[in-house]
Structure formats: structure tokens, C-alpha cells
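Just so you know, this note's numbering puts 281 at position 233 of the sequence shown, and the rest follows in order with no gaps. See structure below.
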Amino acid sequence: MPPELHFLLFLILRMAVAAAFVVTASIITERSGPVIGALVATLPISAGPSYVFLALDHDAAFIAQGALASLPVNAATIFLGLTYVVLAQRHNLIVSCGAAVAVWIALASIIRQFDWSLTAGLAVNLVAFGICIPLLARYRHVKMPLVTRRWYDIPFRAALVATLVAIVVSTSGWVGPRISGIIALYPIVFTSMMVILHPRIGGPPTAAVLANSAWGLLGFGMAIAMMHVAVVQFGSAVGLMLALATCVTWNLTLWWSGRRKAAH
49 MPPELHFLLF
59 LILRMAVAAA
69 FVVTASIITE
79 RSGPVIGALV
89 ATLPISAGPS
99 YVFLALDHDA
109 AFIAQGALAS
119 LPVNAATIFL
129 GLTYVVLAQR
139 HNLIVSCGAA
149 VAVWIALASI
159 IRQFDWSLTA
169 GLAVNLVAFG
179 ICIPLLARYR
189 HVKMPLVTRR
199 WYDIPFRAAL
209 VATLVAIVVS
219 TSGWVGPRIS
229 GIIALYPIVF
239 TSMMVILHPR
249 IGGPPTAAVL
259 ANSAWGLLGF
269 GMAIAMMHVA
279 VVQFGSAVGL
289 MLALATCVTW
299 NLTLWWSGRR
309 KAAH
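Have a look at this one:
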């Protein structure tokens, strides 16, 4: 088999795996309500497959360096969320989502100019979430209208994630670990939620889902830090598994804490 055809078939397979992953997560999100949906949305639905496939093509040093670039990008994502949540209270999808994505791109462009250490990345996340979580708190509790799924919703999300995986995998060899780590963290799930839900149920209810995602996104940042440390010490496979375990454990803890508060 020609090398070009082998690469193309393998790329299509990776895109299909990523798409299947996001379809499963989307169905769970739609059936579980805004709080649980937000926790599912902050699992590594898009970044996870991207990093798995990067690990198949590159060594542990590449993955560890990519994680260092991804860590401050997680802080950019919470500012994307805050921008959308505030604007969505009064503005339409184009203004709210467009401004949020523009904020993310601007911050990501600044982030790529620097060589990040683990300490610096954690510090940026600490400051960003310290600012954004209190500001998002007032937008978390909104009565959610019934959401009727349309036929193109899940294919749309799957296509976005598959496209992201294709970009990350096909360009990683020449853009290097830093840019790969930034691209892998583009918030595909948040963007698709805005695009799909805002026209259907309105800005405030859609914003409530993103506002509820703040604490889960903080755990996602911890998982990225764990991935960097574990990949350096134990290799890519162990590092990726520990990162996933960190993310899942954090979100389960948030869920259990929320149920406890509701019971009381």
C-alpha cells in the first residue's frame, strides 16, 4: 500500500473514532440536564482523542511539551466561557459566540509567544479561575426549556471534533508540540453547544450550561498538569490514563458534592 494511502486511511480511522466518542458523550449530555451535561462537556471529549493520536505518532517528550502549551490555553477557555455567558444574556449568537471565539484566539496567540513552565501554567489557571468562577456563579441557575434534538446536531458535533483531530494529527509533524498543544485545546464542545443551543433555547439557558462548566474545566486543567508530569515520569500511555482518571475523578466528586447539597 502506498504510504500516502496508508496515512489517509489511518487518518480517516482516527477521525471516525473521535467522532464516535463525541456522539456518545453528546447523547449522555442531552439526557442528563445542564449540571451533569456541563460535567460531561468538561471531560476530554475533543482533546483526549487528539492527544491519544499524537502519542501514537510522537514520543513522550513531544506530548509533555504539548501539555505545557495546553495548560495556559485552558485558562483562555474559561475566559471564552465568561465572555459568551455575559454577552448571551442580551445578544444574539453571532455577537456572543463571535466575541467569545475572538477572545480565545487572541489569548491563544499571546500564549504561543512564550515557553511555558508547569508552575507558570498552573499560576495562570489559578488566576483565571479565581476571577471567572465567582463572576459566572450568578448565571448558573436558569430554568432549562425542553431541548428537542434535530437530525444534524450530533453529526455537526462529530464533524467538528473529527476535523480538529485531522488538523492536529496531520500538522503536528511540522508545527511542533507547542502549536499542537494549543490546537488540541480548542474548545470544540463549548463552541458546538453555543451554535446548537443558543438559537433553540436562547442565550441565558445556554449560558447556564457553560457557567456550570467552570468547576469541571478547572479539573480539566489539573488533568493536563497531571499528564505533563506523568508522561515525563512514566511515558505517554500511563500519562494519558492518569490524566483521564484525574478528570473523571474530579467530575465525579463535583457530582457527588452537588447531590449532597441538594439532599440537604
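Built from N, CA and C at the ideal position, the CB exists for glycine as well.
To the nearest whole angstrom, what separates the beta carbons of residue i and residue j, a pair I think is in contact under 8 Å?
i	j	result
L245	T254	4 Å
L258	M270	That pair is no contact at about 19 Å.
V286	A278	6 Å
P92	C295	6 Å
Report the rounded CA-to-CA distance for residue i versus residue j, giving the unit in angstroms.
i	j	result
Y187	S144	15 Å
G10	F110	This structure cannot settle anything about residue 10, because the visible part of the chain is limited to 49 through 312.
L183	W164	27 Å
K309	R160	40 Å
R226	T211	19 Å
T239	V190	20 Å
I153	V172	17 Å
I215	A232	9 Å
R248	T125	23 Å
L128	G267	17 Å
A156	V121	6 Å
H139	L130	14 Å
L170	S305	24 Å
G178	S261	14 Å
A256	G250	10 Å
A207	V243	14 Å
L141	P252	11 Å
By the three-class DSSP mapping on this structure, what secondary structure does residue i have?
i	result
Y187	helix
G269	helix
H276	helix
A173	One point to set straight first is that residue 173 is Asn, not Ala, in the sequence displayed. In this structure, N173 counts as helix in the three-state DSSP scheme.
I179	helix
N122	helix
P97	helix
S261	coil
F282	helix
H54	Here H54 scores only 43 on pLDDT, less than 50, and its place in the model is too uncertain to base an answer on.
F162	coil
D105	helix
G146	helix
G287	helix
P252	helix
P225	helix
Y113	It is worth fixing the name first, because residue 113 is Gln in this sequence and not Tyr. The answer is helix: DSSP assigns Q113 an H, G or I state.
H246	helix
L233	coil
T301	helix
L91	coil
Hey, residue i and residue j: beta-carbon distance below 8 Å or not?
i	j	result
L300	M274	no
H276	A112	yes
G283	A115	no
I272	S118	yes
A108	V237	no
A123	A176	yes
Does any heavy atom of the ligand FMN sit closer than 7 Å to the C-beta of residue i?
i	result
L135	Looking for the ligand FMN in the displayed structure turns up nothing, as the structure carries no ligands at all.
Legend entry - Touch test, the segment 131 to 146 against the segment 85 to 102, Cβ-Cβ under 8 Å, three pairs minimum: With the cut-off at 8 Å, the segment 131 to 146 and the segment 85 to 102 do not touch.
Legend entry - Meets three-Cβ-pair contact criterion under 8 Å: the segment 91 to 110 and the segment 146 to 156: no
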